[in-house]
Each structure stands twice: as structure tokens, then as C-alpha cells.
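If you're matching positions, the sequence shown starts at 91 in the working numbering and goes up one per residue. Note that beta-carbon positions come from the ideal geometry of N, C-alpha and C, so glycine has one too. Report on the structure given below.
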Amino acid sequence: MKTMTCRQLGGPCDLAHRGETHDDVINAQDQHLKQAEKDGDEAHLPARKEMKGRWRHPKKSLGWYRQMQTDFAALPED
């Protein structure tokens, strides 16, 4: 299990997301951003827009995805 924060994933806060894989924390971040948008959290809106764009254009966002994969791999186990 490893931990990445919202900020490490491109968001504005330090909420921790834990997962076995980088995909786990990316999906947790996506859910966090969706909830923040639903709650009217203006600070998270730019990150939510970016995440939406990544889901819509996965080939274009491969660089970000690979960077998160590398960053996650470099983290110590919790």
C-alpha cells in the first residue's frame, strides 16, 4: 500500500489517497475531485477539469499518466 496526496496528483489539497497501484490512487483522486465539484469547492475545479480532459483524451494524457506511474513506484510502502 502506498499513499499519494491530492496535491501530488495535481490537485490543491493534501488529502491522502492510498492504494496498491497507481491506478487505485488515480481513481481515488478522480472520486475526490468529483465530490469536491459536487460540493461546490472552487479550489478543486481546475484539477477536476484537467482530470475530465485526461479521461476524455487518454492518448494525449499519457505523459501525465506515466509520470504518476513513475512517482507512485518511487514511493515507499506504507
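Straight-line CA distance for A133 to Q121?
The straight-line gap from Cα to Cα measures roughly 15 Å.
How about A137 and P166: do their beta carbons lie closer than 8 Å?
Cβ distance not < 8 Å, so A137 and P166 don't count as in contact.
Rounded to a whole number of angstroms, what is the C-alpha to C-alpha distance between R48 and T95?
The shown model of the chain, from 91 to 168, leaves out residue 48, and the question about it has no answer.
One question on the structure: do L99 and Q125 come within less than 8 Å of each other, judged by their Cβ atoms?
Pairing L99 with Q125 gives a Cβ-Cβ distance that is not under 8 Å.
Roughly how many angstroms lie between the CA atoms of P151 and M158, to the nearest whole one?
The sequence given here has Ser at residue 151, not Pro. Their backbone Cα atoms lie some 11 Å apart in a straight line.
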